[in-house]
Amino acid sequence: MDERQRAKVKTMLEFYQDLGIEEFYIRRTEIAKAAPRPQRLTPDSADVQTLSTEKRSESRLQPIHASLGSPPVSQHQLGGSPQAAAAPGPAARPMSLFESASTTAPREHETLEEIHADLGECRRCRLASGRHTIVFGQGNPHAELIFVGEGPGADEDAQGIPFVGRAGRLLNRMIELAGMKREDVYICNVVKCRPPNNRTPLPDEIETCSPFLLRQIQAIKPRLVCCLGAPAVKTLLGAKEGITKIRGQFYDFQGTKALPTFHPAYVLRNPREEKILREDFQKIVDFLKSPC
Ligand code: URA
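Residue numbers (the numbering used here): -14 to 277.
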């Protein structure tokens, strides 16, 4: 690596350090080839080869059925510890953001307020210039269920609250039909600022913003994360498959479970899919009723 690249990597690592992310691990494929253990990378690390912050290759997901009566999942599948995440097991696949970034021990106990304060009046990416309000997230800080959407739209940008527009009203209806209350769950997005013209957030915007999402999920420690739509699925699970293929199934995620389903905005455009959204919400309810 030449001096320029080294300086660039150093700046990037310092940036992530500011976000509370202090450890990066090389990809499993690299680990399998090069070393049996993950390498810890710091801003001063001399030998930075492959960073998880590079564009990640996407992976094929295997659904699990642990919550629905099948055998328990292994530690490797759970991807809980860096060591487990690094193990090049038979089902080894490239890491999702959440496997590749880990926070330090004290960060595991941080509160949503602390994360919010750390986010501050964020200007870490270009979305800051077009937003009115940062939409941090809303709901029960001890929720068993987190919904993760894509990014704020115009209504959310105006009010600073996630899912308050048309898609939000559909989400509310689904939550209520499933017998839950909005105030009992937590709702947030992959990015916290409205993308121009509601476009899909760009990879570098997601990469910049999603560490805060990671920290929110780690602070809340839910039993289930419901990924609403493809950007949430890609960001959290590193999935390559389309949402239609993987929705409605449970996946291991950070020692807990994730269930992808359609984004409510998609269902508004395709009302026939509402039935499927309802079915997925029923799965959520059944899962939450099952013993931990
Ligand atoms: N769509 C999203 O993905 N998030 C919101 O908060 C609102 C609409």
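Quick reminder that beta carbons are idealized off the backbone N, C-alpha and C, glycines included.
Span of the alpha helix (DSSP H) around Cys278: The structure shown does not extend to residue 278, since the chain spans only -14 to 277, so no value can be given for it.
Beta-carbon spacing of Phe132, Ile172 below 8 angstroms: In contact: Phe132 and Ile172 (Cβ atoms closer than 8 angstroms).
Counted within 10 angstroms of its Cβ, other Cβ atoms place Met(-14) as buried (16 or more) or exposed: Classification of Met(-14): exposed, given that the 10 Å Cβ count is below 16.
Cα-Cα separation, Gln144 to Thr118: Pairing Gln144 with Thr118, the inter-Cα distance amounts to about 7 angstroms.
Length of the line joining the Cα atoms of Val176 and Arg184: If I take the Cα positions, the gap works out to 12 angstroms.
Sheet register partners of Val133 (DSSP bridge): Val133 is bridged to Cys173, Cys212.
Sequence-distant residues of its chain with Cβ nearer than 6 angstroms to Glu161 (five each side left out): Answer for Glu161: no residue qualifies.
Rounded C-alpha distance that separates Ile49 from Ala243: Going by the C-alpha atoms only, they are around 10 angstroms apart.
Ala128 Cβ short of 7 angstroms to the ligand URA heavy atom set: Because no heavy atom of the ligand URA lies under 7 angstroms away, the Cβ of Ala128 does not count as near it: no.
Closer than 7 angstroms: Pro188 CB and nearest the ligand URA heavy atom: Taking 7 angstroms as the cut-off, the C-beta of Pro188 does not count as close to any heavy atom of the ligand URA.
Pairwise C-alpha distance: Arg179 and Ala139: Taking the straight line from one Cα to the other gives about 7 angstroms.
Residue environment, Asp265, which counts as buried when at least 16 other CB atoms sit within 10 Å: Buried, by the Cβ-count rule.
Euclidean distance between Cα positions of Leu278 and Ala163: Since the displayed the chain opens at -14 and closes at 277, residue 278 lies outside it and no answer follows.
Entirely enclosed alpha helix (DSSP H) segments - the region 208 to 274, minimum 4 residues: The DSSP assignment places 215 to 222, 228 to 231, 249 to 254, 259 to 274 as complete runs of the alpha helix (DSSP H) inside the region 208 to 274, in order along the chain (cut-off: 4 residues).
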